[in-house]
Amino acid sequence: MRPFFIFSVFLSCSMSVFSQAKKEQDQKAIKSMCGCYEVTFNFAETFNYSKDSTYVPSETKHDGGLEWVELLQDDNDKISMQHLLIVGKPDSPYIVKHWRQDWEFENTELYVYDHDNKWKYTKLPAESVKGQWTQKVFQVDDSPRYEGSASWVHVDGRSYWENTTDAPLPRREYTTRSDYNVTIRTNRHEIVSNGWIHDQDNDKVIREEGKQDVLLAQEKGYNTYVKVANSKCKAAQDYWAKDHDKWALVRAKWDEVLARDKDLSLEDKVEHKQLFKYLSPDNQEYSTKASIDSIIEAFVK
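Residues 14 to 314 in this note's numbering are what the sequence shown lists, from first letter to last.
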């Protein structure tokens, strides 16, 4: 009995050490996405299944720029990173507060996108997310976008994370398309020697209450992030140094909304204006905690 007990203790300790080492490897991969990057955005509609002979696919898109990824939070079970896109001429750059990604370890609470600006609060059993990281992606105004949980994989010299989840349409689509309302996204984040790759396989889906989803088209996305000197992103760093306090207030309000742990439905516009326009750096009316809390609450149905 005693040898078996000793073996059990040894096995338990070995598994604990392995789990901790794996978690640290995961954290290193996630944080390696921070810094300054030359970015390319590439999207192409690959197949369409429309029965409409007049169907017009989205145009193939190739775009790029510089992107600064700021490390906002680095805790044992949570890492948060803000993306800032630099566009325009080098001597007069314009900074776009881009998407944000949070990573939470063994997270059991998700807001799963449904359709038409609605998310379902979902509670997962702890055993189903053991060792996994949830990636939570947020809009430019820090409202929720999509979330999914999976394990980071480190094998044969590769480090990657992959998940499939439902999401609202990206800006490049909802500004030009109204014939579908859900994107089922398969996202792969892979760390490579010169940066990282965001590889996507997306289904464009029509979703209606009480009906089966209709697949309208499919799309390939391939975004590359090539690491360059941090000094190239100084304009974004300066922008964030000046504006980060305001966005901390915005995140805090959204944290409070999401902590209500119930289904979420958001207005698309309030008084004919989208939320990101209220929170624009050019709009100083919404820069205090009271004004930020008030305008965000106005969008929550």
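Built from N, CA and C at the ideal position, the CB exists for glycine as well.
Top-ranked residue by Cα proximity to residue i, from the options
| i | options | result |
| --- | --- | --- |
| K41 | T196, P157 and H167 | H167 |
| Y126 | N236, L79 and R198 | R198 |
| V263 | T301, Q86 and H285 | T301 |
| D65 | Q38, D268 and D192 | D192 |
| V100 | K44, P294, S141 and E51 | E51 |
| E83 | E58, D90 and Q114 | Q114 |
| K245 | P70, S93, V69 and L98 | L98 |
| T177 | S162, K255 and D295 | S162 |
| Q250 | V218, D281, I108 and E298 | I108 |
| F60 | L228, C49 and Y235 | L228 |
For residue i: DSSP bridge partner residues
| i | result |
| --- | --- |
| D268 | D268 is not bridged to any residue. |
| P106 | G101 |
| D216 | I197 and Q231 |
| D87 | I92 |
| L79 | E51 and I99 |
| A248 | Per DSSP, none; premise fails for A248. |
| V168 | R171 |
Own chain partners of residue i with C-beta closer than 7 Å, once the 5 adjacent residues on each side are dropped
| i | result |
| --- | --- |
| D136 | Just to set this straight, residue 136 is Lys in the shown sequence, not Asp. Contacts found: T121 and E122. |
| A248 | I99, P106 and I108 |
| D39 | W146 and W165 |
| N207 | V239 and K240 |
Residues near residue i by beta carbon distance below 6 Å, same chain, minus five either side
| i | result |
| --- | --- |
| H398 | Outside the modelled stretch of the chain, which goes from 14 to 314, sits residue 398, for which no answer is possible. |
| H128 | N194, V195 and R220 |
| E58 | P70, S71, A230 and E232 |
| Q86 | S93 |
Coil, strand or helix - residue i by DSSP
| i | result |
| --- | --- |
| F23 | Note that F23 scores a pLDDT of 47, beneath 50, so its modelled location is shaky; the value from the coordinates is reported in the next line. Here F23 sits in helix by DSSP. |
| A242 | coil |
| E122 | strand |
| L277 | strand |
| Q33 | helix |
| E72 | coil |
| S2 | Only positions 14 to 314 of the chain appear in this structure, which leaves residue 2 out of reach. |
| Y50 | strand |
| A303 | helix |
| K255 | helix |
| S162 | strand |
| E117 | strand |
| I308 | helix |
| Y62 | coil |
| Q316 | No statement about residue 316 is possible, as the shown extent of the chain runs from 14 to 314 and does not include it. |
| V153 | coil |
| K314 | coil |
| K143 | coil |
Same chain only: Cβ atoms within 8 Å of residue i, ignoring 5 sequence neighbours per side
| i | result |
| --- | --- |
| W112 | H96, V150, F151, Q152, V153 and R158 |
| R201 | Y173, W174, E175, I210, H211, D212 and Q213 |
| A311 | E280 and V283 |
| P183 | T196 |
beta-carbon residue i near the ligand GDP non-hydrogen atom, thresh 7 Å
| i | result |
| --- | --- |
| R220 | Only the bare structure without any ligand can be found here, which leaves the ligand GDP out of the picture. |
*Quick one: complete beta strand (DSSP E) runs, 3+ long, within the region 173-210?*
With a minimum length of 3 residues, the unbroken runs of beta strand (DSSP E) contained wholly in the region 173-210 fall at 195-205.
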